[in-house]
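Asks:
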Amino acid sequence: MFEPTQLQEVAEGKKAYEAAVEKVLTKGPERKANFTTGGGIPLKRTYTPEDVNGVDYAKDLGFPGVYPYTRGVQPTMYRGRFWTMRQYAGFATAEDSNKRYRYLLSQGTTGLSVAFDLPTQIGYDSDDPMAVGECGKVGVAIDSLADAEILFDGIPLDKVSTSMTINAPASILLAMYIAVAEKQGVPMNALAGTIQNDILKEYIARGTYIFPPKPSMRLITDIFDFCSRNIPKWNTISISGYHIREAGSTAIQEVAFTLADGIAYIEAAIKAGQDPNVFGKRLSFFFNAHNDFLEEVAKFRAARKVWAHIMKERFGVTNPSAQMLRFHTQTAGCTLTAQQAENNIVRVAIQTMAAVCGGTQSLHTNSLDEALALPTDKSVRIALRTQQIVAYESGITNVVDPLAGSYAIEALTKEIEEGALAYIKEIDDLGGMMAAIEKGYPQKHIQDAAYDYQKSIESEDRIIVGVNKFHIDEDMTERKLLKVDASVGENQIKKLREMKEKRDNVRVKTTLDAVREGAKGDANLMPLILDAVHAYATEGEICGVLREVFGEYKENVVL
Amino acid sequence: MDRKIRVVVAKPGLDGHDRGAKVIARAFRDAGMEVIYTGLRQTPEQIVNTAIQEDADAIGISILSGAHDYCFKTIINLLKEKHADDIIVFGGGVIPETDYPTLLGYGAGAIFGPGTPTSETIEWLEKAVAEKRAKEAK
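Chain order of the listed sequences is A and B.
In terms of the working numbering, the first sequence is residues 1 to 559.
In terms of the working numbering, the second sequence is residues 1001 to 1138.
1. Apart from the five residues on each side of it in sequence, which residues of its chain come closer than 7 Å, Cβ to Cβ, to G248(A)?
2. Near V66(A), what residues of its chain come up, given a Cβ to Cβ distance below 7 Å and the 5 sequence neighbours on each side ignored?
3. Around the C-beta of S161(A), are 16 or more other C-beta atoms found within 10 angstroms, so that it is buried, or is it exposed?
4. Cα separation between D153(A) and N189(A)?
5. Looking at chain A, which residues of the stretch 1042–1056 of chain B have a Cβ within less than 7 Å of any of its Cβ atoms?
6. Along the stretch 1082–1115 of chain B, where does the CB come closer than 7 Å to a CB of chain A? Name the residues.
7. Name the DSSP beta bridge partners of T329(A), please?
8. Given the structure, does K1004(B) come close to the ligand GDP, in the sense that its CB is under 7 Å from one of the ligand's heavy atoms?
9. Would you say Q330(A) reaches chain B, if we count a Cβ-Cβ gap shorter than 8 Å as a contact?
10. First and last residue of the beta strand (DSSP E) that includes A1128(B)?
11. If you draw a straight line from the alpha carbon of V356(A) to that of T397(A), how long is it in whole angstroms?
12. Nearest to Y57(A) by alpha carbon, out of K414(A), R547(A), E517(A) and F226(A)?
13. Which two residues bound the contiguous alpha helix (DSSP H) that contains T1074(B)?
14. Run through the stretch 260–325 of chain A for me and flag every whole alpha helix (DSSP H) of 4 or more residues, listed as ranges in chain order.
15. For G1092(B), list the residues DSSP reports as bridge partners.
16. So that I know if they touch, is there some Cβ in chain A lying closer than 8 Å to that of K1132(B)?
17. Any idea what DSSP makes of R218(A), helix, strand or coil?
18. Could you pull the start and end residues of the beta strand (DSSP E) that I1036(B) belongs to?
19. So M164(A) contacts chain B; which residues on that side make the cut at Cβ distance below 7 Å?
20. What's the gap between the Cα of E539(A) and the Cα of V508(A)?
21. Use the C-beta contact count for T1118(B): other C-beta atoms within 10 angstroms, 16 or more gives buried, fewer gives exposed.
22. Note down, in chain order, all residues in the stretch 444–462 of chain A with a beta-carbon under 8 Å from any beta-carbon belonging to chain B.
23. Measure the beta-carbon distance from S1065(B) to V488(A) and round it to whole angstroms, keeping in mind my assumption that it falls under 8 Å.
24. At a CB distance below 7 Å, what residues from the stretch 1019–1030 of chain B approach chain A? Give them in sequence order.
25. Out of L412(A), I427(A), Q274(A) and A383(A), state which residue places its alpha-carbon closest to the alpha-carbon of R218(A).
26. Tell me, please, whether the CB atom of L1078(B) is closer than 8 Å to any CB atom in chain A?
27. For a contact defined as C-beta to C-beta under 7 Å, what are the partners of K137(A) on chain B?
28. For the beta strand (DSSP E) holding Q87(A), just list the boundary residues, first then last.
29. Counting Cβ pairs closer than 8 Å, one from the stretch 1068–1087 of chain B and one from the stretch 1103–1121 of chain B, do we hit at least three?
30. Report all residues from its chain with a CB closer than 7 Å to the CB of A322(A); omit the five preceding and five following residues, and keep chain order.
31. Closer than 8 Å is the cut-off here; do at least three beta carbon pairs connect the stretch 362–374 of chain A with the stretch 335–343 of chain A?
32. So, with DSSP's three-state summary, where would you put R1006(B)?
33. For Q339(A), decide whether its Cβ has a neighbour in chain B, counting only Cβ atoms nearer than 8 Å.
34. Using the DSSP secondary-structure output, state which residues sit across from P1012(B) in a beta bridge.
35. Sorted by chain position, which residues of the same chain lie with C-beta nearer than 8 Å to F315(A)'s C-beta, five sequence neighbours on each side aside?
36. Measuring only between beta-carbons, confirm whether G80(A) sits less than 8 Å from chain B.
In structure tokens, the structure reads:
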């Protein structure tokens, strides 16, 4: 990037600088002997043109909207329009959640993001013995199309895009969404949104799996195929590093394991006879935004570049929109503290700026009380306002990829790229991500990183304001928190039983039998599941049939 | 102490967030305890049975799903039914402090909120087990 004579000047200048540093150091040491990023990448005292000397502008960076997309996926980014402000929400019943969505839309969110309760995420109806105590707690309980109709009541599905955090039973919830839209008169090809549908990270980090890997991968590739034909604007998967990071990974591991999961999905779909130039356009990603601002900005840039390379070089993808890594970001829940919870507003603001400087397409900001409970109306509003302040007031959004060319950012981008590629190579050597997961490889690396992180807090090598430094005595029982009433479960069960009495149970049986037969063969399961959903078969019933055929996954515990 | 402390680290219910459970399990192990980690999706019955079979001194429950009231109550009642309520029950996770008195009222020994150093939990458990064993020796 620089002329040899310029670099010569830098080298000479650096000698003088280092002499000055030596002199300062004789008067007193720096705060620490070694500085690293949050993820442990060693940091130099300062970065100079020498650190970016290996960077080839055209090859490594290019322009925004141009391969390898290091600088962003669109030429104009937020000068055109802001990212989608999409707050993850859902609790208690479909009615309660519908009310929260309408509130969020009235306050300026531009997309919905549905949080389902754990029974729904794991394919149990609210009256299942496994669901006791869990109904409506961390998300909304959706048992059948009847609940989905209430959930989206009065929300125009042709205008709002919806993201659904649903993985193992993604086909069923997508089918319910399609069916609700039909009732609103919206055809499927007009729908926009995302289903998470990323099962590999469930085995690695999040735990809401149902079936073993092989049939799970089939459900995913069936969705790719169905959506490519019928819902062209739908993001068929959100390959998620977020949970890998929340489980304790470093930034480099987050990029590496997420992209390695992506490779596994692409290989599975190609094996099923699909074209990566087509389904590749509808792959989306989901990353975490942690506190270490510089490292996070570099992480997003590196992830885009590595993915573009993988698509082009490894899979021969020629369609530019199938080479781009588009992503949603969520600020890091695991960085929020119960102590002096108001400080979380500041953490979220820093993380928001990192996501925006890193070029995210969509963002969820966490609420200040999330280390304690689900957010209240007020706390979620502050979280949304944080995004709006960064968007409208900070000025960051007026320049595309504003931190490009910073010696430190470019050097870190390169380091994260190289670190991620080294992990991906190891995973390839193990036989790919599915084999690596079976061997506990990503799990072990993440747990080691999580344990190191905890130890660094306890040794006070890592400072968490309000926790291991600057703490105060506070009465945390005074805080106003959202409480989900215990009667939610009982009411939901009552509603479910009434619905089952009213529906055409012969039709339910016929459609469930068809799903069972389909699962035994190799037909695309999406249309069969859609029929069952139309008949008001419940999620638990459909998953039950699939469990009969596919079996259930048993966790490989790695400590 | 002659016999090492045996502790079951349990993930009840459907909650898959096991970072805290795994970190505390390793911290207990590094502190010289014998740790049995249950893995995910354990019912209260399974957790209680594991603790009895393993002759555990204590059960540490990690829960972030909001189902803590049901889980603590059921586990502690089951221990009573099986005459195994000498086993200490404690826990942590995303649990609002306003709920602590209820859980302690069921018979939980302690609840550790987010941000608790592992050393604090270890010290507490060592002391609680020492007291329990002293009582049993009488």
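Note that CB positions come from ideal geometry on N, CA and C, so glycine has one too.
Since the structure is predicted, the reported quantities are computational estimates derived from the model, not experimental observations.
Replies: Looking at the atomic coordinates:
1. Locating residue 248(A) in the first sequence gives position 248, counting from the first residue. Cβ neighbours of G248(A) beyond the five flanking positions: I446, Q447, A449, A450 and Y453.
2. Position 66 of the first sequence, counted from the start, is the residue given in the question as residue 66(A). Cβ within range, chain order: n/a, list empty.
3. Taking the first sequence and counting its residues from 1, the one referred to as residue 161(A) is at position 161. Answer is buried; the Cβ neighbour count reaches 16.
4. On the first sequence, residue 153(A) is found 153 positions in, with the first residue counted as 1. On the first sequence, residue 189(A) is found 189 positions in, with the first residue counted as 1. Rounded to whole angstroms, D153(A) to N189(A) spans 20 Å at the Cα level.
5. Of all residues in the stretch 1042–1056 of chain B, none has a Cβ within less than 7 Å of some Cβ in chain A.
6. Hits within the stretch, in order: V1094, P1096, E1097, T1098, G1113, P1114 and G1115.
7. Walking along the first sequence from the start, residue 329(A) turns up at place 329. Checking the DSSP bridge columns, you'll see T329(A) partnered with F287(A) and L363(A).
8. The ligand GDP is not part of the structure shown, which contains no ligands of any sort.
9. Position 330 of the first sequence holds residue 330(A). Judged by the 8 Å Cβ criterion, Q330(A) is not in contact with chain B.
10. Within the second sequence, numbered from 1, the residue matching residue 1128(B) stands at position 128. No beta strand (DSSP E) holds A1128(B); the alpha helix (DSSP H) holding it covers T1118 to A1137.
11. In the first sequence, the residue the question calls residue 356(A) occupies position 356. In the first sequence, the residue the question calls residue 397(A) occupies position 397. C-alpha separation (whole angstroms): 7 Å.
12. Here the question's residue 57(A) lines up with position 57 in the first sequence. Among K414(A), R547(A), E517(A) and F226(A), the Cα nearest to that of Y57(A) belongs to K414(A).
13. By one-based count along the second sequence, residue 1074(B) stands at place 74. Start and end: H1068 to E1081.
14. Runs of the alpha helix (DSSP H) inside the stretch 260–325 of chain A: 276–279 and 293–309.
15. Taking the first residue of the second sequence as 1, we reach residue 1092(B) at position 92. DSSP, once it has assigned bridges, lists S1062(B) and F1112(B) as partnering G1092(B).
16. The sequence position of residue 1132(B) within the second sequence is 132, counting from 1. It does not; no Cβ of chain A falls within 8 Å.
17. The count along the first sequence starts at 1 and reaches residue 218(A) at position 218. DSSP places R218(A) in the helix class (H, G or I) of the three-state scheme.
18. Numbered from 1 along the second sequence, position 36 holds the residue referred to as residue 1036(B). Under the DSSP assignment, I1036(B) falls in the beta strand (DSSP E) whose first and last residues are E1034 to Y1037.
19. Position 164 of the first sequence, counted from the first residue, corresponds to residue 164(A). For M164(A), there are no neighbours in chain B by C-beta distance under 7 Å, as the nearest C-beta there is about 17 Å away.
20. Numbered from its first residue, the first sequence carries residue 539(A) at position 539. Numbered from its first residue, the first sequence carries residue 508(A) at position 508. Computed Cα separation, rounded: 12 Å.
21. Mapped onto the second sequence, residue 1118(B) falls at position 118. Under this definition T1118(B) is a buried residue.
22. Close to chain B, meaning a Cβ-Cβ distance shorter than 8 Å, are the following residues of the stretch 444–462 of chain A: Q447, A450, Y451, Q454, I457 and E458.
23. Translated into positions along the second sequence, residue 1065(B) becomes position 65. Translated into positions along the first sequence, residue 488(A) becomes position 488. The pair is not a contact, with the Cβ atoms about 14 Å apart (cut-off 8 Å).
24. Listed by position along the chain: R1019, K1022, V1023, A1025 and R1026.
25. On the first sequence, position 218 is the one that residue 218(A) refers to. R218(A) has its Cα closest to that of Q274(A), out of L412(A), I427(A), Q274(A) and A383(A).
26. Taking the second sequence and counting its residues from 1, one reaches residue 1078(B) at position 78. False, the Cβ-Cβ gap to chain A never drops below 8 Å.
27. As a first step, residue 137(A) must be located in the first sequence, where it is residue number 137. Residues of chain B whose Cβ lies closer than 7 Å to the Cβ of K137(A) are, in chain order, S1065, G1066 and A1067.
28. Along the first sequence, read from residue 1 onward, the residue named residue 87(A) stands at position 87. Following the DSSP letters along the chain, one finds Q87(A) inside the beta strand (DSSP E) bounded by residues T84 to A89.
29. Verdict: yes, contact present.
30. As a first step, residue 322(A) must be located in the first sequence, where it is residue number 322. Non-local C-beta neighbours of A322(A) in its own chain, meaning closer than 7 Å and more than five positions away in sequence, comprise P276, N277, G280, K281 and M311, ordered along the chain.
31. Touching, yes.
32. Position 6 of the second sequence holds residue 1006(B). Collapsing the DSSP output to three states places R1006(B) in a strand.
33. Taking the first sequence and counting its residues from 1, one reaches residue 339(A) at position 339. True, the Cβ-Cβ gap to chain B drops below 8 Å.
34. As a first step, residue 1012(B) must be located in the second sequence, where it is residue number 12. As DSSP reads the structure, P1012(B) sits in a beta bridge with Q1042(B).
35. As a working mapping, residue 315(A) is identified with position 315 in the first sequence. Here the set comprises I266, I270, P276 and G280.
36. Here residue 80(A) corresponds to residue number 80 of the first sequence, with the count starting at 1. Chain B, which has no Cβ nearer than 8 Å to the Cβ of G80(A), makes this no.
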